[in-house]
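Undergrad: Got a structure for you, written out below as structure tokens; questions coming shortly.
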Amino acid sequence: MVAQGTAGRSDAKQVVDTARTRTLLMSLSIVIVGILFWEGAKAFGEANAYALDVGGTTIDLTLLNDTQLPHLGDILRSFGEPAQRNGPPLYQMLIDASLFTLWSAVQGFLFGGVIGFVLALIFAHSSLLQRGLLPYVVASQTVPILAIAPMIVIWMGRAGNPELAVPIIAAYLTFFPVTIYTLRGLTSVPPTALELMQSYAANPLEILIKLRLPNALPQIFTALKISATGSVVGAIIGELPSGIQNGLGIAILNFSRYYNQSPPRLFATIIAAGIIGILFYAVVALIERLVIRWRVEDSN
Numbered sequence: 026m027v028a029q030g031t032a033g034r035s036d037a038k039q040v041v042d043t044a045r046t047r048t049l050l051m052s053l054s055i056v057i058v059g060i061l062f063w064e065g066a067k068a069f070g071e072a073n074a075y076a077l078d079v080g081g082t083t084i085d086l087t088l089l090n091d092t093q094l095p096h097l098g099d100i101l102r103s104f105g106e107p108a109q110r111n112g113p114p115l116y117q118m119l120i121d122a123s124l125f126t127l128w129s130a131v132q133g134f135l136f137g138g139v140i141g142f143v144l145a146l147i148f149a150h151s152s153l154l155q156r157g158l159l160p161y162v163v164a165s166q167t168v169p170i171l172a173i174a175p176m177i178v179i180w181m182g183r184a185g186n187p188e189l190a191v192p193i194i195a196a197y198l199t200f201f202p203v204t205i206y207t208l209r210g211l212t213s214v215p216p217t218a219l220e221l222m223q224s225y226a227a228n229p230l231e232i233l234i235k236l237r238l239p240n241a242l243p244q245i246f247t248a249l250k251i252s253a254t255g256s257v258v259g260a261i262i263g264e265l266p267s268g269i270q271n272g273l274g275i276a277i278l279n280f281s282r283y284y285n286q287s288p289p290r291l292f293a294t295i296i297a298a299g300i301i302g303i304l305f306y307a308v309v310a311l312i313e314r315l316v317i318r319w320r321v322e323d324s325n
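When we follow this note's numbering, the leftmost residue of the sequence shown carries the number 26, and every step to the right adds one.
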């Protein structure tokens with residue numbers, strides 16, 4: 026029996042390792058294909074003088090010239106060039122801006138996550154409140170964040186707390202997936218398990234802690250991974266109308282104004298934003314692995 030258990034764990038580990046290898050190879054393949062497509066499009070446009078004649082119709086390919094779509098090598102080199110005349114290198118400025126934006130995103134992530142979790146608990150224990158309030162929660166996500174962000178900035182400025190505007194905007198994009206996924210996890214417990222808990226006279230709090238929350242963990246972490254990237258987007262959007270000069274939002278705005286003069290800088294800033302979003306997602310995914318692993322080991 027011990028040998029069979031050891032063999033089973035070994036086979037399972039081999040399957041997991043194979044899946045990870047395939048995922049890594051797929052990711053690398055996508056990156057390579059993307060690079061080849063990018064540079065191939067550039068070469069195609071240059072070879073045709075940025076104008077393609079098809080059946081007597083001329084297709085404008087100026088989008089592929091260097092002032093519109095820079096070479097990937099130019100984007101990479103721009104990280105080491107000064108962000109401004111006689112200023113620090115672009116990578117240093119982007120690191121500082123990324124850390125500033127990431128901190129705002131983390132604040133919004135935590136704030137929105139708590140709000141979403143509390144709403145899910147309320148809805149899971151009161152069908153009346155769920156039917157009455159959940160439609161408004163859903164409707165809140167139909168309002169464009171670009172329309173809400175300026176209002177939040179104005180309100181927080183008048184309230185004397187302008188620094189809270191960006192985290193609140195990030196929280197706005199965070200709370201909804203946490204609410205929906207957590208509610209689904211809390212209410213989708215196996216009926217037999219719920220009946221067993223009730224047969225032992227378990228109170229609602231015991232059922233929540235020992236049954237509903239463990240059952241909802243996969244759904245909760247799915248929501249948190251979605252919200253991690255959403256909070257970064259919300260923080261960047263929130264920085265645009267707030268006038269904050271330290272984050273990625275103002276960097277994107279400034280470099281877009283001078284795009285024709287130096288397009289690689291804007292692309293470099295976009296890459297920086299993508300990196301912090303990926304890192305935030307990876308941290309949440311790592312915590313998920315630790316929590317779920319602990320849960321499995323504890324159940325054994």
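The beta-carbon is built from N, C-alpha and C at its ideal position, and this holds for glycine as well.
(1) With three or more beta-carbon pairs closer than 8 Å as the criterion, would you say the segment 253 to 261 touches the segment 126 to 146?
(2) Taking 8 Å as the threshold, find out whether the segment 267 to 281 comes into contact with the segment 137 to 151 through three or more Cβ pairs.
(3) For the alpha helix (DSSP H) containing L144, list its first residue and its last residue.
(4) Closer than 7 Å by C-beta to Q155: which residues in its own chain qualify, once you throw out the five before and the five after it? Chain order, please.
(5) Give me, in chain order, the residues of the same chain whose beta-carbon lies closer than 7 Å to that of V321; leave out the 5 immediate sequence neighbours on both sides.
(6) Is the segment 173 to 186 touching the segment 245 to 252 in the sense that three or more CB pairs, one from each, lie closer than 8 Å?
(7) With which residues is V79 paired in a DSSP beta bridge?
(8) By Cβ distance, which residues of its chain are closer than 7 Å to D99, with the 5 residues on each side in sequence left out?
(9) What separation, rounded to the nearest whole angstrom, lies between the Cα atoms of L171 and I262?
(10) Could you give the first and the last residue of the continuous alpha helix (DSSP H) run that contains F246?
(11) Nearest-angstrom Cα distance between L291 and A298?
(12) So if DSSP puts P107 in a beta bridge, which residue, or which two residues, is it bridged to?
(13) Ordered along the chain, which non-local residues of its own chain (more than five positions away) have a Cβ less than 8 Å from that of P175?
(14) Less than 8 Å between the CB atoms is what I'm expecting for L94 and E64, so what's the real figure, rounded?
(15) For a test of your reading of the model: does the CB of S152 fall under 6 Å from any non-hydrogen atom of the ligand PLP? Yes or no.
(16) In chain order, which continuous runs of the alpha helix (DSSP H) of length 4 or greater are located wholly inside the segment 179 to 226?
(17) Taking V162 and T204 to be in contact with their CB atoms under 8 Å, please state how far apart those CB atoms are, rounded to whole angstroms.
(18) My output table needs one value for Q270: the three-state DSSP class, helix, strand or coil.
(19) Comparing alpha-carbon positions, which option in L158, P192, F201, G274 lies nearest Q166?
(20) When the Cα atoms are used, what is the spatial distance from L144 to D85?
(21) DSSP three-state call for N279: helix, strand or coil?
(22) Taking the alpha carbon of R237 as the reference point, which residue from T48, F62, P215 has its own alpha carbon closest?
(23) By Cβ distance below 6 Å, which residues in the same chain neighbour D323 in space, the five residues on each side in sequence not counted?
(24) In whole angstroms, give me the CA-to-CA distance for V79 and N73.
(25) For P160, count neighbouring C-beta atoms within 10 Å of its own C-beta (all shown protein chains included) and say buried if the count is 16 or more, exposed if not.
TA: Walking through what the data contain:
(1) yes
(2) no
(3) 115 to 150
(4) F148
(5) The predicted position of V321 is uncertain, since its pLDDT is 43 and thus under 50; a value taken from the coordinates is nonetheless stated next. Around V321: no qualifying Cβ.
(6) no
(7) T82
(8) P289
(9) 7 Å
(10) 238 to 267
(11) 11 Å
(12) P114
(13) P266
(14) That belief does not hold up - the Cβ atoms of L94 and E64 are roughly 10 Å apart, past 8 Å.
(15) The model on display carries no ligand, and the ligand PLP is accordingly not part of it.
(16) 190 to 197, 200 to 212, 216 to 224
(17) 6 Å
(18) coil
(19) F201
(20) 52 Å
(21) helix
(22) P215
(23) Reliability fails at D323, whose pLDDT of 46 lies under 50, so the model's placement of it is uncertain and the value that follows must be treated cautiously. Nothing meets the Cβ criterion.
(24) 12 Å
(25) exposed
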